[in-house]
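Asks:
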Amino acid sequence: MIVHMVLLKVKKSVSAAKIARVMKLVGEMRRKTPGITGYTWGRYASPEGLNQGFTHGFCMTFKDARSRDAYLPHPAHDIVKAKVLEILDGDVRGVIAFDYEA
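Below, the structure written as structure tokens:
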């Protein structure tokens, strides 16, 4: 299984409703690309304060590396990625993607 973790620095001006709409679009990738086995998202919620400005994140799990590798260049992924980039503070500097095998 591959875990695809993404951390986001969302602009302060973006409403909670818009963030929810964008995260719903990300989650809908499960219907468009095979091999996605799970998806969760949320706002930073730790009292530690170690988020370094990252305000939201999501985790997507894939059955295997081949499923993740098919997802990344998928045209629907490009559309969703563009919507995510629109809400970020600092464009690609406002995102960290980290995959690991579990």
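Under the working numbering, think of the first position of the sequence shown as 41, with each following residue one higher.
All C-beta atoms in this analysis are idealised placements derived from N, C-alpha and C, irrespective of residue type, glycine included.
Fair warning: this is a prediction, and the values are worked out from it, not measured in the lab.
1) Would you mind reading off the limits of the beta strand (DSSP E) that contains M45?
2) Give me the Cα-Cα distance between A137 and D131, rounded to the nearest whole angstrom.
3) So which of G134, I127, D139 has the shortest CA-CA distance to K58?
4) To the nearest angstrom, report how far apart G78 and F98 are at their CA atoms.
5) With a threshold of 8 Å, are at least 3 pairs of Cβ atoms found where one atom belongs to the segment 103-119 and the other to the segment 41-53?
6) Decide yes or no for the touch test of the segment 61-69 against the segment 83-93: beta carbon pairs closer than 8 Å, at least 3 of them.
Replies: In terms of the structure at hand:
1) 42-48
2) 13 Å
3) I127
4) 10 Å
5) yes
6) no
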